[in-house]
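Trainee:
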Amino acid sequence: MSTESLINCEHVSCTYGNAAVLDDVYMQVNRGEFVGVVGPSGSGKTTLLKAILGTHPVAHGSITMQPKLTLGYVPQVETVDWYFPVTVEEVIVMTRSKGTWWPRITQAERKAVRDVLDRLGIGEVANRHIRELSGGQQQRVFLARAMFRNPDILIMDEPTSGVDVRTRHEVLHLLADLHADGLTILLTTHDLNGLAAHLPRLVCLNKRVIADGNPREVLTPSVLEATYGAPMEVLEHGGMPLVVDHGRVQMRGEGK
Amino acid sequence: MILAFDLFEPYGFQFFQHGIIVATIAGALCGLLGVFVVLRGMSYIGHGLSHAVFGGAAASAVIGINFFIGAGIWGIISGVLIARVARRRVLGADAAIGVVTTASFALGLALMNRYGQASKSIEAVLFGSVLGVKVADIVAVSLVAVFALAVIVVWYRKLLFSTFDPDVAQVSGVNVSVVEVVLLSLLSLTILVTMRVIGTLLISALLVIPAAAARMTTNSFSKLLWISPLIGAVTCFVGMNLSYHLDTSASATIILLDALVFIVVYTVAGTRNRMKMASLGHV
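Which chain is which? The protein sequence lines are A and B, in order.
According to the numbering used here, the first sequence is numbered sequentially starting from 5.
According to the numbering used here, the second sequence is numbered sequentially starting from 2.
1) Please tell me whether residue 40/B has its Cβ less than 8 Å away from any Cβ of chain A.
2) Is the shortest distance between the beta-carbon of residue 1/B and the beta-carbons of chain A less than 8 Å?
3) Taking 8 Å as the threshold (beta carbon to beta carbon), is residue 171/B in contact with chain A?
4) Within 8 Å of any Cβ in chain B, is that where the Cβ of residue 105/A sits?
5) Smallest Cα separation from residue 159/A: which of 21/A, 40/A, 196/A, 23/A?
6) Counting along the chain, where does the alpha helix (DSSP H) carrying residue 14/B start and finish?
7) Using 8 Å as the threshold, is the C-beta distance between residue 145/B and residue 30/B below it?
8) Tell me which residues share the same chain as residue 8/B and place their Cβ nearer than 6 Å to its Cβ, disregarding the 5 neighbours each side in the sequence.
9) Just checking my contact of residue 93/A with residue 130/A at CB under 8 Å: how many whole Å lie between their CB atoms?
10) Taking the alpha carbon of residue 232/A as the point to measure from, which residue in 211/A, 246/A, 55/A has its own alpha carbon closest?
11) Would you say residue 44/B reaches chain A, if we count a Cβ-Cβ gap shorter than 8 Å as a contact?
12) Return the chain-ordered list of same chain residues with a C-beta closer than 7 Å to the C-beta of residue 273/B, the five sequence neighbours on each side being excluded.
13) Determine the contact status of residue 222/A and residue 230/A, defining contact as a CB-CB distance below 8 Å.
14) Can you list, in chain order, the residues of its chain whose CB lies under 6 Å from that of residue 77/B, leaving out five sequence neighbours each side?
15) Given a threshold of 16 other Cβ atoms within 10 Å of its Cβ, counted over all protein chains shown, does residue 144/A qualify as buried or as exposed?
16) Skipping 5 residues on each side, what residues in its chain have a beta carbon closer than 7 Å to that of residue 52/B?
17) So which residues of chain A does residue 154/B contact, with C-beta pairs closer than 8 Å?
18) Could you check which residue in 20/A, 206/A, 56/A has the C-alpha nearest to that of residue 171/B?
19) Determine which residues of the stretch 130 to 141 of chain A have a Cβ less than 7 Å from any Cβ of chain B, and write them out in chain order.
20) Under 8 Å Cβ to Cβ from residue 64/B, same chain only, skipping five residues before and after it: list those, please.
21) Please check the pair residue 153/A and residue 74/A, which I expect to be a contact at CB under 8 Å, by giving their CB distance rounded to whole angstroms.
22) Which one of 40/B, 130/B, 50/B has the shortest CA to CA distance from residue 85/A?
23) Indicate whether at least one CB of chain B lies closer than 8 Å to the CB of residue 9/A.
24) To which residues of the same chain is residue 142/B closer than 6 Å at the C-beta, ignoring the five residues directly before and after it?
25) Considering only residues of the stretch 154 to 241 of chain A, which uninterrupted beta strand (DSSP E) runs meet the minimum length of 3 residues and lie entirely inside it, listed in chain order?
26) Where residue 98/A and residue 85/B are concerned, what is the direct C-alpha to C-alpha distance, given to the nearest angstrom?
27) Taking a contact to mean a Cβ-Cβ separation below 8 Å, would you say residue 165/A touches residue 111/A in this structure?
28) Which runs of the alpha helix (DSSP H) fall wholly inside the stretch 75 to 111 of chain A and span at least 4 residues, in chain order?
29) Does chain B have any CB closer than 8 Å to the CB of residue 30/A?
30) By a C-beta neighbour count over all protein chains shown, 10 Å radius and 16 as the cutoff for buried, is residue 235/A buried or exposed?
31) Given a limit of 9 Å on CB to CB distance, which residues of the stretch 39 to 73 of chain A reach chain B?
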C-alpha cells in the first residue's frame, strides 16, 4: 500500500466555547486507506471530521492536506431535509456549483449523473424525488453526490446511523467495492460489530486518540474500556472480533 | 354587478396605473425570493426586515437623504447584522431578528413621533398606499426585480446548494456566508421597493404565502421558482383591482386573496394526497 499522506493531523485540539472536544489528536490518512473512527457520543468524532473539512476551527495544532486534494463529504442522512423539493439528479448536480453560471442540467452532466448512479446500482432513480427512496437508496444518493466530484478521499459521518440491517450490509459492501477500486475512505461510526470490525484500520477516539490499528489490535477490552468508559468483552466470531456490551440492565420481574 | 366598463374604470387614474404596475412586479419579486425564505425556514425574517427598513425610512426622512438610499443601506446592514448574530448558536435566528429589527422599528417610531408628521406618514408606511406611488417607484421595483432574477439565474446552483445543504455546500467550495448576505440584501431591497404599496406590516405575508402555496403544488425546485412568482403577481394584480371596486385597503385585499389561494391549494393538495393514500390502500 502507498504511504502517500493525504491528511495529516498533528496535535490537533478543538473546543466548543471553553470545553475541549479534541485534545492533542494525531492521525494520518494515507492514499488508499479505509479508516474508521470510533468512540462514544461526544468523543469528538464529528468535530474531527469538521476540522478536516475546514468547517470547525482548530484551536491548537495543525491539519495539513495534500495540495489540491478533492474531498467528497457525505453527512449523516438524518440531517437531510427529505421534504426539500429536489430530485436525485438535482441533488447530485448541485455539487457542480462552482465555475458555472448555467442553471440547467446539461446533457453531459445528465450522462455523468447516470454513470455515477449506475456505478452505485441505482441508475433508475435519477428523476425521483429524494423522499420517494428507500433508506439504502437515500444513502447511495448522497454517496453518489460525493462521488460526482471525483474525490481523492471520501469522508462519511455515521454512514450506517439509523439504517436497518439490510441497508447497513448494502452500504458496507458498496464502500468495500469503492475501496477495492482504489478510493481512500475516512468515516465515523458508532457501530462496532456491524461496521467497524469489518474495516482494515480503526482509530479509537475519546477527545484524544486511544488506539490506532487493525480491528484485532484495537478492539480489545482494555482499549474499549479506555475509549467508552465501560467494561466490554470481546469474543471471536467467524474469525472477527465481536464486542459484547456488559451494560445489561436487570428488568423488573426478571429471574423470578 | 360590475360591468365591463366599470372593470376598466380605475385604469383611468394615473395613481392606479402606477400602483398596479408596482404591485404586480412586487408580487412576482416577493414570490421569487419567497421560495428561499420558505425553504430556508426564514419566514420571520421578512417580517423582521420590513420592520428594520421602517427604521431606515424614518431616519432618512429626518436626516433628509433619499428614501431608497437611506432605508436601503439600513435594511442591508440589518440583514447582515441578523446573519452575524444568528450565527452565534447560543442565540439563534429568531432572537437575532427580534433584537435587531424591533430596535430598528422602535427607533423609526420614535424619530417619526419626534420629527415627522407622525400619524399620517406612519400609517402610509405601515399599511401601504397606492396614492403615493410614482414613476421612480416603478423604476426602482423593476431594477430590483431584474437584478434579483439575474442573481438567481447566475447563482442558481449555489443558492440551491446552500439552501438545501449549507455544510456540504461550504465544503464543496460555495461561500455560504456570501450567498446568505446577498440573499438578505436582495430581501432588504425587495422590501424597500415594495413597502410603499404593501406596507411594512403585510409585506412578510407576500414573501411567504405565494411560496408556501406553490410548495404544495410541486416537488421541483425549478418549477417553484416560476409558480410562486406567478401566484404573487396574479394575486397582486387581481387584489389591486378588487380593492378599488370593494373600496378596501390594497395591501389587505392582496394578502387576503393570497390567503384564499393558500387555503384552496392546501385543501386540494390535502384531498389529492388522501386519494393517493386511499388508492394505495386498495392495492
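Glycine included, C-beta positions come from ideal geometry on N, C-alpha and C.
Values in this document were obtained by computation on a predicted structure and should not be read as measured data.
Mentor: To lay it out plainly:
1) Start at 1 with the first residue of the second sequence, and residue 40/B comes out as number 39. Closer than 8 Å to some Cβ of chain A, the Cβ of residue 40/B qualifies, so yes.
2) No answer is possible for residue 1/B: it lies beyond the span of chain B, which begins at 2 and ends at 284.
3) For the purposes of this step, residue 171/B is taken as the residue at position 170 of the second sequence. Yes, because at least one Cβ of chain A sits closer than 8 Å to the Cβ of residue 171/B.
4) Residue numbering aside, residue 105/A sits at position 101 when the first sequence is read from its first letter. So yes, residue 105/A belongs to the interface.
5) In the first sequence, residue 159/A corresponds to position 155, counting from 1. Among 21/A, 40/A, 196/A, 23/A, the Cα nearest to that of residue 159/A is on 40/A.
6) Counted from its first residue, the second sequence places residue 14/B at position 13. First-last for residue 14/B: undefined, no H or E at that position.
7) Position 144 of the second sequence holds residue 145/B. Position 29 of the second sequence holds residue 30/B. Contact: yes.
8) For the purposes of this step, residue 8/B is taken as residue 7 along the second sequence, with counting starting at 1. Here the set comprises nothing.
9) Along the first sequence, one-based indexing puts residue 93/A at 89. Along the first sequence, one-based indexing puts residue 130/A at 126. The pair is a contact, with the Cβ atoms about 5 Å apart (cut-off 8 Å).
10) On the first sequence, residue 232/A is found 228 positions in, with the first residue counted as 1. Answer by Cα proximity: 211/A.
11) Here the question's residue 44/B lines up with position 43 in the second sequence. No, residue 44/B lies away from the interface with chain A (no Cβ there is under 8 Å from its Cβ).
12) Indexing the second sequence from 1 puts residue 273/B at position 272. So no residue of the chain qualifies.
13) The residue given as residue 222/A occupies position 218 in the first sequence. The residue given as residue 230/A occupies position 226 in the first sequence. It is not a contact, given that the beta carbons lie outside the stated cut-off.
14) In the second sequence, the residue the question calls residue 77/B occupies position 76. Closer than 6 Å at Cβ, skipping near neighbours: 186, 189.
15) Reading the first sequence from its first residue, position 140 is the one you call residue 144/A. Residue 144/A comes out buried.
16) To locate residue 52/B, count along the second sequence from 1; it is residue 51. Once the five neighbours on either side are set aside, the close Cβ partners of residue 52/B are 102, 103, 105, 106, 201.
17) Translated into positions along the second sequence, residue 154/B becomes position 153. Those within 8 Å of residue 154/B in chain A are 105, 107.
18) Position 170 of the second sequence, counting from 1, holds the residue named residue 171/B. It is 56/A whose Cα lies nearest to the Cα of residue 171/B.
19) 133
20) In the second sequence, residue 64/B corresponds to position 63, counting from 1. 71, listed in sequence order.
21) Sequence index remark: in the first sequence, residue 153/A carries index 149 (1-based). Sequence index remark: in the first sequence, residue 74/A carries index 70 (1-based). At roughly 6 Å, the Cβ-Cβ gap stays under 8 Å, so residue 153/A and residue 74/A are in contact.
22) What you label residue 85/A is simply residue 81 of the first sequence in a count that begins at 1. Residue 40/B is the option with its Cα nearest to residue 85/A.
23) Against the first sequence, residue 9/A aligns to sequence position 5. It does not: the Cβ of residue 9/A has no partner Cβ on chain B nearer than 8 Å.
24) Taking the second sequence and counting its residues from 1, one reaches residue 142/B at position 141. Excluding sequence neighbours, residue 142/B sits near 23, 26, 27, 194.
25) 157 to 161, 188 to 193, 205 to 210, 212 to 217, 236 to 241
26) On the first sequence, residue 98/A is found 94 positions in, with the first residue counted as 1. On the second sequence, residue 85/B is found 84 positions in, with the first residue counted as 1. If you take the alpha carbons of residue 98/A and residue 85/B, they lie about 26 Å apart.
27) As a first step, residue 165/A must be located in the first sequence, where it is residue number 161. As a first step, residue 111/A must be located in the first sequence, where it is residue number 107. Not closer than 8 Å, so no.
28) 92 to 97
29) As a working note, residue 30/A is residue 26 in the first sequence. Chain B contact via Cβ: absent.
30) Residue mapping note: residue 235/A aligns to position 231 of the first sequence, counting from 1. With fewer than 16 Cβ atoms within 10 Å of its Cβ, residue 235/A is classed as exposed.
31) 54, 57, 58, 59
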